[in-house]
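What follows is a short report on a single structure.
Residue numbers (UniProt numbering): 1 to 174.
This is the structure:
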């Protein structure tokens with residue numbers, strides 16, 4: 001008589017095989033579906049799982065989740081059917097509100113545009129020659145190093161600001 005672990009592995013194998021056949025998938029098609037969901041297993045490994053020679057309980061969680069997903073079981077049904085851990089079933093409460101699949105989008109924060117005096121001098125002197133110096137997007141890009149890394153970062157003198165602008169000019173909107 002086989003031991004408990006072997007019996008359980010064979011039971012899991014029957015569950016997988018019966019559902020796979022019910023879905024009309026042969027082993028290569030099932031493996032292809034697993035790959036489509038981002039999980040790699042071989043037809044040989046699937047065969048071992050179905051025969052119970054490779055216990056499903058010893059398969060990695062990602063492989064088990066891939067099998068569960070392809071077979072179409074919910075986390076709760078899978079856990080009840082196999083007795084194996086399913087992450088979604090463990091975190092789901094009957095009283096919990098369903099969470100959105102994607103975190104909510106937060107409105108972008110626009111920081112006030114603070115133009116250093118040295119840059120303002122360059123804008124006044126060269127604004128007619130380089131109209132992009134009057135573009136809000138260009139100015140935000142120019143002052144970004146100072147805005148995010150501190151006032152000691154980035155150009156400090158009017159000459160450095162002009163050189164910095166000219167080096168990066170091709171990336172700014174026209």
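Just so it is clear, CB atoms sit at the ideal spot from N, CA and C, and this is done for glycine as well.
State whether the region 113 to 133 contacts the region 153 to 162, with contact taken as three or more CB pairs (one from each stretch) at a distance under 8 Å.
yes
Minimum C-alpha distance to residue 63 - residue among 146, 113, 36:
As a working note, residue 63 is residue 63 in the chain shown. Closest by alpha carbon: 36.
What does the Cβ neighbour count give for residue 4, buried or exposed, with the cut at 16 atoms within 10 Å?
Here residue 4 corresponds to residue number 4 of the chain shown, with the count starting at 1. Per the 10 Å Cβ criterion, exposed.
Reduced DSSP secondary structure (H/G/I, E/B, other) of residue 130
Position 130 of the chain shown, counted from the start, is the residue given in the question as residue 130. In the structure shown, residue 130 sits in coil (DSSP, three-state: anything other than H, G, I, E or B).
Do you know offhand how far residue 107's Cα is from residue 133's?
Counted from its first residue, the chain shown places residue 107 at position 107. Counted from its first residue, the chain shown places residue 133 at position 133. Spanning the two alpha carbons is a distance of roughly 27 Å.
Find out if the Cβ-Cβ distance for the pair residue 67, residue 75 is shorter than 9 Å.
Reading the chain shown from its first residue, position 67 is the one you call residue 67. Reading the chain shown from its first residue, position 75 is the one you call residue 75. No; because the gap between Cβ atoms is not below 9 Å, this pair is not in contact.
When DSSP labels each residue in this structure, what does residue 108 get in the three-state scheme?
For the purposes of this step, residue 108 is taken as residue 108 along the chain shown, with counting starting at 1. Coil, per DSSP.
CA-CA distance, residue 80 and residue 61?
In the chain shown, residue 80 corresponds to position 80, counting from 1. In the chain shown, residue 61 corresponds to position 61, counting from 1. Looking at the two C-alpha atoms, the distance is approximately 16 Å.
Report the option in 147, 82, 141 whose CA atom is closest to the CA atom of residue 167.
By 1-based counting over the chain shown, the position of residue 167 is 167. It is 141.
Near residue 111, what residues of its chain come up, given a Cβ to Cβ distance below 8 Å and the 5 sequence neighbours on each side ignored?
For the purposes of this step, residue 111 is identified with residue 111 of the chain shown, where counting begins at 1. Around residue 111: 147.
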